[in-house]
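Add 43 to the 1-based position in the sequence shown for my numbering, that's all there is to it.
Even glycine gets a Cβ: it sits at the ideal position worked out from N, Cα and C.
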Amino acid sequence: MTFDATDSVTLKIWDKATLHHTLDSAISDLSARHNTTTCRVAVTCSGPNTFTLSVRGEDKALVGA
44 MTFDATDSVT LKIWDKATLH HTLDSAISDL SARHNTTTCR VAVTCSGPNT FTLSVRGEDK
104 ALVGA
């Protein structure tokens, strides 16, 4: 998977069987591109079968459970 993005990418995933694998791959690619850990990549469901992945900045705190 390759893509050009500054700090986010939006994916439309139709195949539910590959949902987790596709998101995991995209998270790994985006974090590697920004030289950061995968925990700094936020995933948002932005529509039906549509997911937006974005790199959180240093100023955004992680949400605790």
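Counted within 10 angstroms of its Cβ, other Cβ atoms place residue i as buried (16 or more) or exposed
{"i": "Ala69", "result": "buried"}
{"i": "Lys59", "result": "exposed"}
Residues that DSSP places opposite residue i in a beta bridge
{"i": "Ser97", "result": "Ser51, Ala85"}
Same chain, Cβ closer than 7 Å to residue i, neighbours up to 5 away in sequence not counted
{"i": "Ile56", "result": "Leu62, Thr65, Asn92, Phe94"}
From the options, residue whose alpha carbon lies closest to that of residue i
{"i": "Val86", "options": "Ala60, Lys59, Ala75, Val98", "result": "Val98"}
{"i": "Val84", "options": "Leu96, Thr49, Ala75", "result": "Leu96"}
{"i": "Cys82", "options": "Gly100, Thr49, Val52", "result": "Gly100"}
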